[in-house]
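> Got a structure for you, questions after.
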Amino acid sequence: MRVVGWAVRNRSQLQWTDTSVDIYVNDIRENAPQCSTTCGRFFNQNGQYPNCPGGVARHYDHSLWLTDGFGGGAGGDWGQRMATAYFMSNLTEFDAWMLRDWWRHLKSRYGY
Numbered sequence: 001m002r003v004v005g006w007a008v009r010n011r012s013q014l015q016w017t018d019t020s021v022d023i024y025v026n027d028i029r030e031n032a033p034q035c036s037t038t039c040g041r042f043f044n045q046n047g048q049y050p051n052c053p054g055g056v057a058r059h060y061d062h063s064l065w066l067t068d069g070f071g072g073g074a075g076g077d078w079g080q081r082m083a084t085a086y087f088m089s090n091l092t093e094f095d096a097w098m099l100r101d102w103w104r105h106l107k108s109r110y111g112y
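In UniProt numbering, the protein residues as written are 1 to 112.
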């Protein structure tokens, strides 16, 4: 897995300033921030990304959309959507270890 972007309501939610991943600010759909549709595989099924600023190299294949109060889950070739509470309550010790290990390898990119 390679993280290629973050979608946020406000840039100050992210505590780094480099440009190693694309950051999409205040592009809101169904009350949630989203990455640019011009860079999404679901929206460009021909494999061409003519309007994505980074082109094919900066496109994304899937998104994870956590939603407060969402009942059940949904998924497809665009990504996954599930309840925030469900996602958080199903994290395991291994998941936490993997996240720490992932951060250990990446934190130097963000000045930590």
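All C-beta atoms, glycine included, are put in the ideal place defined by N, C-alpha and C.
Return the bridge partner residues of Leu14 from the DSSP annotation.
Locating residue 14 in the sequence shown gives position 14, counting from the first residue. None, per the DSSP bridge assignment.
> Assign Trp97 to buried or exposed, taking buried as 16 or more other Cβ atoms, counted over all protein chains shown, within 10 Å of its Cβ.
Within the sequence shown, residue 97 is the residue found at index 97, counting from 1. Per the 10 Å Cβ criterion, exposed.
> For Gly40, tell me which candidate among Leu106, Asn90, Gly73 and Ser63 has the shortest Cα-Cα distance.
Translated into positions along the sequence shown, residue 40 becomes position 40. It is Ser63 whose Cα lies nearest to the Cα of Gly40.
> Please report how far the alpha carbon of Leu106 lies from the alpha carbon of Thr17, in whole angstroms.
As a position in the sequence shown, residue 106 is number 106, starting the count at 1. As a position in the sequence shown, residue 17 is number 17, starting the count at 1. For Leu106 and Thr17, the distance between alpha carbons rounds to 14 Å.
> Could you spell out the range, first to last residue, of the alpha helix (DSSP H) harbouring Leu64?
On the sequence shown, position 64 is the one that residue 64 refers to. Leu64 -> not in any alpha helix (DSSP H); beta strand (DSSP E) instead, spanning Ser63 to Thr67.
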